[in-house]
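Taking it in order: structure first as structure tokens, then the write-up.
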Amino acid sequence: MSTALQDPQITETPNYLNQEYGWKSWLFTKDHKRIAVLYIISITVMFFIGGIFASLIRIELLTPQGDLVNSDTYNKFFTMHGVVMVFFFLIPSIPATLGNFFLPMQIGAKDLAFPRINLLSWYIYIAGAAFALAAIVMGGVDTGWTFYTPFSSTYSNTFVITAAVGVFIAGFSSILTGLNFIVTVHKMRAPGMTWGRLPLFVWANYATSLIQVLGTPVVAITLALVGLERAFHIGIFDPAIGGDPILFQHMFWFYSHPAVYIMILPGMGVISELVTCFSRKGIFGYPFVAGSSLGIAIIGFLVWGHHMFVTGMSMYASLYFSLLTMLVAVPSAIKIFNWTATMFRGSISYETPMLYAFGFIGLFTIGGLTGLFLATLGVDVHVTDTYFVVAHFHYVMVGGMVLAYMGGMHFWWPKMTGRMYPEGWAKFAALLVFVGFNLTFFPQFITGYLGQPRRYHAYAPEFQVLNVMSTAGASVLAVGYIIPLIYFIYSLKYGPLAGPNPWKAKGLEWQTSSPPPTFNFETTPVVTEEAYAYAKESHVG
Amino acid sequence: MADTHSSAHGQSAVAEHEHSPYLRHHFDSMEQQFDSATLGMWVFLLTEIMFFGGMFGAYTVYRSLYPGAFASTSYYMNPAFGAMNTAVLIVSSLTMALAVRSARIGNQKLLQLFLILTMIFGAAFLVIKGFEYHEHWVDMKVPLIGHHWDYSEAPQFARQAQILFCFYFFMTGFHALHMVVGLGLMTTIFIMARKGTFSPSYFTPVEISGLYWHFVDIVWIFLFPLLYLIGRTKKLI
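Chains as they are written, first to last, in this note's numbering: chain R, 783 to 1323; chain Z, 45 to 281.
Have a look at this one:
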């Protein structure tokens, strides 16, 4: 598509990549686009570290006996898989990378409101990751990513404080990103970019930021209290002096349930961009899709107790949490229905980003609906701490967030680098990811429902067939992740030039050159139309 | 919202010729920059409320579980020190507010004077707090390090009262840490003020540091009654 643009002059246009060279120009940059690139590299490293632990888990579970590692080592594997993936990949995944890069561009700003704080957030992230990696190298943590007391505060003999300090520090990077986004969306919009014209990716990241700002401090203080308790051998969760370990769970999930929405809302924002672009239609019911992001963020703060139905919490509290959990399904379903309605009678094309969007919609629907099973008190008691839960949240986090991240990376790759990725390979990898993912996690719904408990390195022999399927799927999935890594790097040098707008997409980020100039726009754009004005006559909603 | 914003852009086009050296490249006007910084600080304070809120929430749970044990600890608190510190902080808030006002009207001398006063009061708070910690140590009321703990006067509360003292040290400790950060901010601002950075058209750092300082004061206003005055009307049982 870009043969006409194979003009060496175009590669030489000044942009954020060739403005300055050298490691100093990257490590001291205040450009949101370069910081986004730094984040992309860092979280990719963390993703593959987390992936190594996932592979080790799947290899161990190939056979019913615990033959590769002993149970203590296995405990460390799943803990470090969880800690790395949740706190160092999923939470920063879309906001800190694609959000950092495109949120300012989509509202027509030259940068985020606080560029130095943005850079600081990356350094804080690196410091947190260093602590987490130090905990891994020194010998690991075995508490599960949830750090439940009193095991974490008293009994575990692993590097809990180091890991908790890493998570504590990384939390502040998340807070600073959220703070920066909130102020940017409020104060930095270009003329004419009203709240009703904001792209849905911006709305989704704004809602995410609210959760980051309100939730993260609570998990920070909770982990600080656990760390202090471990250091001083006394503290407020210690049952020996009348402390309540369940209170830790309440405080932990007060953040960590909303954090689940940090891990899905930005993905939903990406899907809104992809579905409209590749259906060439305006979004169906813009106010509802935008509002449902805020709805998810708000209701998400009121449902944390559903992680604790079997802890002996009051039955009435459980009923309340069950009811509110089901309410979250309403805004989530609004999104699914509106994306489907957007595609209805659209001129759909099947480029790689759209394939990921299709994958997201299907897999997130399964993940969301099984979430309703878990919100139902009776069913939850049956499947608590089984592989059913593992399958459920991987459908949301991998089937949802990771697919959205991959879709977004493919969609915006030409804008970020100025080069196209190889479409054929990308479609093949997208197919591998989809097939591999389902083969990995669908069998876990069945084994979980039949009673295979999570977090054990050995299991009953009758589950072996399904577990072998799962491990085989994980191998396919791994190939599906490695192929994009290779062709993305390859395309940096050899990919065909993309031009400013290869997808003929709407949105301010496509109106500037690729890669964008350092200050994004030659002149501050003035917005005169609604978001996603693809073909006004076909717009229904 | 959108209308005020686009009008801010409109003004900037007019006021382009008076380009302040403190206007960062990605903002269109000083007004937009000031509003962004102020909103940023408010959002940050929101995160601080949630941070302390975690401890206040846990405190509430335990106080309703163990009201007797919590009330008994008041016997070992020194409300004279606490009240003195409350007064010190309220006065420091006043001097901080006056410092912001001085910056706003461009009175450099008064700005520096009030910043110095604010720092003196802040440091005084920490000194008094140090005396208090020392008193608890002598009293054997520090359950944390090596179980420096003796509650034989009311043995029935000996276990649960430790929870209150844990809260006491964690909450006042985190508060003191915020005071130290505040003093660091004040020092920075004082140096900036000495260099003549601030003027009526640019005093954003003074304004937002003031917001932070007042927030830290307000936290103490809640800590004082909740930690010192739970059971003052009763004798130790």
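Idealized CB from N, CA, C, for every residue including glycine.
Just so we're clear, the structure is a prediction, and the values are computed from it rather than from any experiment.
- Around the beta carbon of Ile823 (chain R), fewer than 16 other beta carbons lie within 10 angstroms, which makes this residue exposed.
- Going by DSSP, Phe213 (chain Z) is part of the alpha helix (DSSP H) stretching over 205–238.
- Leaving aside the five residues that flank Leu850 (chain R) on each side, the residues in its chain whose CB is nearer than 7 Å to its CB run, in chain order, Ile841, Glu842.
- For Ala220 (chain Z), the CB contacts under 7 Å within the same chain, skipping 5 residues up- and downstream, are Leu170, Lys173 in chain order.
- The three-state secondary structure of Lys1209 (chain R), taken from DSSP, is helix.
- When the beta-carbon positions are compared, Leu961 (chain R) and Val995 (chain R) come within less than 8 Å of each other.
- Around Gly953 (chain R), the same chain offers Thr998, Val1001, Ala1002 as residues with beta carbons nearer than 7 Å, after the five sequence neighbours per side are excluded.
- At a beta-carbon threshold of 8 Å, none of the residues of chain R lie near Met215 (chain Z); the nearest stands roughly 10 Å away.
- The DSSP-derived three-state label of Arg816 (chain R) is helix.
- Pairing Ser136 (chain Z) with Phe201 (chain Z) gives a Cβ-Cβ distance that is not under 8 Å.
- Scanning chain Z for C-beta atoms nearer than 9 Å to the C-beta of Gly1082 (chain R) yields nothing, as the closest lies near 15 Å away.
- Around the C-beta of Gly1025 (chain R), 16 or more other C-beta atoms lie within 10 Å, and the residue is accordingly described as buried.
- Look at Leu1279 (chain R) here: in three-state DSSP terms it is strand.
- For Lys969 (chain R), the neighbours in chain Z by C-beta distance under 7 Å run, in chain order, Gln76, Asp79, Ser80, Leu83.
- Looking from the CA of Ala1041 (chain R), the closest CA among R:Tyr1068, R:Gly1082, R:Gly1064, R:Leu1076 belongs to R:Gly1082.
- Under DSSP, Lys185 (chain Z) forms a beta bridge with Z:Trp193.
- Close to Ile207 (chain Z), with beta-carbon spacing below 7 Å, are these residues of chain R in chain order: Ile1018, Ile1023, Gly1024, Gly1025.
- Remark: C-beta atoms of Thr936 (chain R) and Gln1031 (chain R) do not approach each other more closely than 8 Å.
- When only Cα atoms are considered, Ser245 (chain Z) and Phe78 (chain Z) end up about 10 Å apart.
- In this structure, the beta-carbon distance from Asn987 (chain R) to Pro1069 (chain R) does not fall below 8 Å.
- Given a length threshold of 4 residues, each whole run of the alpha helix (DSSP H) inside the segment 70–144 of chain Z is given here in chain order: 74–109, 111–117.
- With a threshold of 8 Å between beta carbons, Met1090 (chain R) makes no contact with chain Z.
- Interface with chain R (8 Å Cβ-Cβ cutoff): Val87 (chain Z) is included.
- By DSSP's assignment, Tyr246 (chain Z) forms a beta bridge with Z:Ser243.
- Annotated three-state conformation of Thr162 (chain Z) is helix, per DSSP.
- The three-state secondary structure of Pro1235 (chain R), taken from DSSP, is strand.
- Judged by pairs of C-beta atoms under 8 Å, the segment 1182–1199 of chain R touches the segment 1131–1143 of chain R, as three or more such pairs exist.
- Straight through space, the alpha carbons of Val1057 (chain R) and Met1033 (chain R) are spaced by roughly 37 Å.
- Within 10 angstroms of the beta-carbon of Lys892 (chain R) lie 16 or more other beta-carbons, which makes it buried.
- Cβ neighbours of Ile993 (chain R) within its own chain (closer than 8 Å, five residues either side excluded): Gly960, Pro1040, Ala1041, Tyr1043, Ile1044, Leu1047, Ala1079, Gly1082, Phe1083.
- In this structure, Gly254 (chain Z) sits away from Met74 (chain Z), with a CB-CB distance that is not shorter than 8 Å.
- The way I'd put it, the segment 868–883 of chain R does touch the segment 811–831 of chain R; three or more beta-carbon pairs between them come closer than 8 Å.
- A straight-line Cα-Cα distance of about 54 Å links Gln204 (chain Z) and Gly240 (chain Z).
- By the neighbour-count criterion, in which a residue is buried when 16 or more other Cβ atoms sit within 10 angstroms of its Cβ, Ile1271 (chain R) is exposed.
- Gly1144 (chain R) and Met1125 (chain R) have their alpha carbons spaced roughly 14 Å apart.
- Contact between the segment 1009–1024 of chain R and the segment 1103–1120 of chain R is absent: fewer than three C-beta pairs spanning the two stretches fall below 8 Å.
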